[in-house]
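Everything below concerns the one structure shown next.
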Amino acid sequence: MLNMGVASSFVWRSENTADQSQDIYYTVDGSEPDALSVKYTEPVPMPAGGHIKARAIVENRMGPVTEIRLGILPKGWTAADSDGRTDEPGRVLDGNPYRGWISEGSSKPHFLTVDMKQEHAISGFTYLPARGGFIESFEVEVSTDGQNWKRIHRGTFGNIINDPGRRVVLFDEPVSARYFKLSNLTPPGSYSQVGAGELQILSGK
């Protein structure tokens, strides 16, 4: 299986903890790994993120592919929400999904903005709900100056309460932006607040 830190590296851990001797091969461009791919020997730093696929290969028998998308390392990034807070929204960037953000107050529609401090080419994002805070529908807006915004995506996270796993959203094409905003956020069902446990922004390079 693949484990990751704060969007900076990936680590392979065998699901069978008694057997760590399998040879693992991986790719970082989304292609299918085979015996000619890079062999995993140690944690792989990936500050720019990437689309990782990995599998065990034993005596030419290939195991199932495990994949994950890592976001850009959010070093120095900040976040703010529609309630004017910065500390709690910043938790979506700290790599700890148990310390999430949940909206408060009556300001609606809710939004969550990330300042990446410099322009990046971005291709999408990953979302993990907070404990007790979910997003059902959303829009994505981007900006280069924090003043002029362009909506580039609209979507929903279906069945998010019963299936609160990590969701991956990919844009139609990469865009260049410094500011990333999830806007017009609405919660599912009877929930009155929205929330996020972790947010990663995917590189478009």
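First residue of the sequence shown: 141, per this note's numbering; consecutive thereafter. Note that CB positions come from ideal geometry on N, CA and C, so glycine has one too.
Rounded C-alpha distance that separates Gly295 from Glu313 = 15 Å
Near Glu276, what residues of its chain come up, given a Cβ to Cβ distance below 7 Å and the 5 sequence neighbours on each side ignored?
-> Thr296, Phe297, Ile300, Thr326, Pro327 and Pro328
Residue interval of the beta strand (DSSP E) (run including Thr296) | Element bounds for Thr296: Lys290 to Thr296.
Can you tell me which of the three DSSP states Leu176 falls into?
-> coil
Measuring CA to CA, which of Pro249, Thr253 and Leu213 is closest to Ala230?
-> Reading off the sequence shown, one finds Gly at residue 230, where the question assumed Ala. Among Pro249, Thr253 and Leu213, the Cα nearest to that of Gly230 is on Thr253.
What separation, rounded to the nearest whole angstrom, lies between the Cα atoms of Gln162 and Val184?
-> The alpha-carbon of Gln162 is positioned some 17 Å away from that of Val184.
First through last residue of the beta strand (DSSP E) which encompasses Thr206 | Thr206 to Leu210
Boundaries (first-last residue) of the beta strand (DSSP E) holding Ser323 | Element bounds for Ser323: Arg307 to Thr326.
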